[in-house]
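Asks: Please see the structure below; I have some questions.
Encoded structure:
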């Protein structure tokens with residue numbers, strides 16, 4: 001799947017991954033808008049990495065153009 005195809009699935013709450021990564025990455029997910037210290041936070045992506053937990057994720061140009069995205073069941 002392309003990033004354009006996977007984005008609606010992220011918005012629906014699905015976890016996704018690129019098959020080409022093949023490393024410690026478990027999945028990417030979208031964190032909805034929320035508040036922190038009374039201030040609005042915009043939605044953002046996180047990636048769950050084995051042994052590290054969650055960290056912020058910003059897709060690269062390669063990620064945006066890739067066609068190996070899939071849903072994590």
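Residue numbers (full-length UniProt numbering): 1 to 73.
Every residue, glycine too, gets a C-beta built ideally from N, C-alpha and C.
Can you find the residues in the same chain that come closer than 8 Å, C-beta to C-beta, to residue 5, ignoring five residues on each side of it along the sequence?
Replies: 69
Asks: Once DSSP output is grouped into helix, strand and coil, what is the label at residue 4?
Replies: helix
Asks: Can you tell which of 44, 3 and 38 has its C-alpha closest to the C-alpha of residue 29?
Replies: Taking residue 29 as reference, the option from 44, 3 and 38 with the minimal CA-CA separation is 44.
Asks: How would you write the range of the beta strand (DSSP E) that residue 55 sits in, first residue to last?
Replies: 53-57
Asks: So, residue 49 versus residue 55, is the Cβ gap smaller than 9 Å?
Replies: yes
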